[in-house]
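Take the sequence shown: its letters are residues 749 to 788, numbered as in the working numbering.
The beta-carbon is built from N, C-alpha and C at its ideal position, and this holds for glycine as well.
Values in this document were obtained by computation on a predicted structure and should not be read as measured data.
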Amino acid sequence: MRITDTMLMNNMLLSSMRNRQTLDKLQQQYHTLKKIQVPS
């Protein structure tokens, strides 16, 4: 099977989107934890 430029681009974009989703989840967890620890 030949690997085309389009296939490489699609795989790169998919990987980038997954990484972004993971980063968003981690940032949300961090900010949620930080808000809980702030005294009122």
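Between the C-alpha atoms of residue 770 and residue 750, what's the straight-line distance to the nearest angstrom? 31 Å
Alpha carbon to alpha carbon, how far is residue 763 from residue 756? Give it in angstroms, no decimals. 11 Å
Return helix, strand or coil for residue 749, following the three-state DSSP convention. coil
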